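*Asks:* Quick one: the structure is below, questions incoming.
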Amino acid sequence: MTLNQYKPVEETFFHMPTLELARHLLGKLLVKTTSAGTASGFIVETEAYIGPGDRAAHSYNDRRTARTEMMYASPGHTYTYTMHTHCLVNVVSGAAEHPEAVLIRAVEPYEGRELMHLRRNRMKKETELTNGPGKLTKALGIDPTDYGRLLTHPPLLIAEGWEPESFEVITGPRIGIENSGEAKEYPWRFWIGGNPFVSRLRKSK
DNA sequence: CCGCCGATAGTCT
DNA sequence: GACTATCGGCGGT
C-alpha cells in the first residue's frame, strides 16, 4: 500500500447529519503521513457530539472560544484538542456555524504497524496499540498541529475502507461523560460488533 | 481479565 | 484553582 492507492472521500461525504456521519465513518480509513512514513487504520469506534444543546459537548451552551472555534467550521475539517497529555481527534460535522463533531475513539491498524509500534513505546499487545482516542492519535502521529485540516487530502485524510455490508454497527452511551446529566444516557457511541480494537469491549453500560 | 488510582497539561472561570 | 470526550501500572481474581 502506498499513499496514492488510498481513495479519499469527497468533501460532500461529510455533509450528512452528525449521527449518520458517526455511523458512516465506521470502516473508513484514517490515514496520516509524516516524514517518518504513512500510518493508517480502519475506524472501528466513534462518538457524536451535537451542538449547543448537548451537555457533553465542548460546544454546550454555545461556548465559542479559541479552542472550540473549529467546531463551528464547515464539515470535514478536524477538531483536535488535548486531554491531559493526550491529543484527541474529531471530524467536524453539521453545517458551518453549527458546532457538531464526531470523536474517533478507536481504529484497527492497517498500514505502518511497525511505525505505530515504535510510537507507542513498543507496546507488546497488538490490540492495545490503537484501542482508545489518545492511543490512536499517538500511533498514527496525529498531534495538535493537525487542528483545522481538511480531511480530503494528505497529510491527514479519510479514505474508503471496508464495505458497510461487511460489519455490524452497535450503539450505546458515550464514554467518560458522567457529569453531563441526561446527555450521558444518549446512545451516541457507535462501534463495530466483535471488533477487538474497540475500547472498553465489556464495560459498555 | 478486571477495576482502582495517580499522573499530567491545556483551557476556562 | 478546578475542571476534564485519558492512559497505564498495579494488584486481586
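Read left to right, the first sequence gives residues 0 to 204 (numbering that gives the first Met the number 0). No residue lacks a Cβ here, since even glycine has one placed at the ideal position from N, Cα and C. Keep in mind it's a predicted model, so treat the numbers as computed, not measured.
Since residue 94 sits in a beta bridge, which residues does DSSP pair it with?
*Replies:* Looking at the DSSP assignment, residue 94 forms no beta bridge with any residue, so it has no partner.
*Asks:* Rank 48, 188, 135, 74 by C-alpha distance to the C-alpha of residue 11 and give the top, closest one.
*Replies:* The candidate whose alpha carbon is nearest that of residue 11 is 74.
*Asks:* Out of 170, 125, 183, point me to the one whose CA is closest to residue 18's CA.
*Replies:* Cα-wise, what sits closest to residue 18 is 170.
*Asks:* Excluding the 5 residues flanking residue 196 on each side, which residues of the same chain have their C-beta closer than 7 Å to its C-beta?
*Replies:* 43, 105, 106, 107, 126, 129, 130, listed in sequence order.
*Asks:* Measure the Cβ-Cβ separation of residue 90 and residue 79 and say whether it is below 8 Å.
*Replies:* Result no, Cβ atoms of residue 90 and residue 79 do not sit closer than 8 Å.
*Asks:* For residue 174, collect the residues of the same chain with a Cβ closer than 8 Å to its Cβ; drop the 5 residues on either side in sequence, then sort them by chain order.
*Replies:* 46, 104, 188, 198, 199, listed in sequence order.
*Asks:* Contact defined as beta carbons within less than 8 Å: I believe residue 54 pairs with residue 180. What is the distance between those atoms, to the nearest angstrom?
*Replies:* So it is a contact: roughly 5 Å between Cβ atoms.
*Asks:* Alpha carbon to alpha carbon, how far is residue 166 from residue 67? Give it in angstroms, no decimals.
*Replies:* Cα to Cα, residue 67 sits roughly 33 Å from residue 166.
*Asks:* Could you give the C-beta distance for residue 145 and residue 155, rounded to a whole number, given that I count them as a contact under 8 Å?
*Replies:* The pair is a contact, with the Cβ atoms about 5 Å apart (cut-off 8 Å).
*Asks:* Alpha carbon to alpha carbon, how far is residue 6 from residue 38? Give it in angstroms, no decimals.
*Replies:* Distance between the alpha carbons of residue 38 and residue 6: 15 Å.
*Asks:* Mind pulling the beta strand (DSSP E) runs of 3 or more residues that sit fully within the region 150-180?
*Replies:* Fully enclosed beta strand (DSSP E) runs of 3 or longer: 155-158, 168-171.
*Asks:* Helix or strand or just coil, what does DSSP make of residue 56?
*Replies:* Coil.
*Asks:* When you compare the CB positions of residue 98 and residue 50, do they come within less than 8 Å of one another, or not?
*Replies:* Closer than 8 Å, so yes.
*Asks:* Quick check on the DSSP output: what are the complete alpha helix (DSSP H) runs of length 4 or more inside the region 95-153, in order along the chain?
*Replies:* Segments of the alpha helix (DSSP H) lying fully in the region 95-153: 112-118, 132-139.
*Asks:* Going along the chain, which residues of its own chain have a beta-carbon closer than 6 Å to the beta-carbon of residue 153, five neighbours each way excluded?
*Replies:* Result list for residue 153: 32, in chain order.
*Asks:* Which of helix, strand or coil does DSSP assign to residue 31?
*Replies:* The answer is strand: DSSP assigns residue 31 an E or B state.
*Asks:* If you compare alpha carbons, which of 4, 21, 15, 25 is closest to residue 162?
*Replies:* The residue with the shortest Cα to Cα distance from residue 162 is 25.
*Asks:* Can you give me the C-alpha to C-alpha distance between residue 94 and residue 100, rounded to a whole angstrom?
*Replies:* Near 11 Å, if we compare the C-alpha coordinates of residue 100 and residue 94.
*Asks:* Using 10 angstroms around the beta-carbon of residue 35, count the other beta-carbons present and answer buried if the total reaches 16, otherwise exposed.
*Replies:* Counting Cβ neighbours within 10 Å, residue 35 comes out exposed, since fewer than 16 surround it.
*Asks:* Whole angstroms are fine: how far does the CA of residue 190 sit from the CA of residue 160?
*Replies:* The alpha-carbon atoms of residue 160 and residue 190 are separated by roughly 15 Å.
*Asks:* Can you tell me whether residue 196 is helix, strand or coil according to DSSP?
*Replies:* Reduced to three states, the DSSP call for residue 196 is coil.
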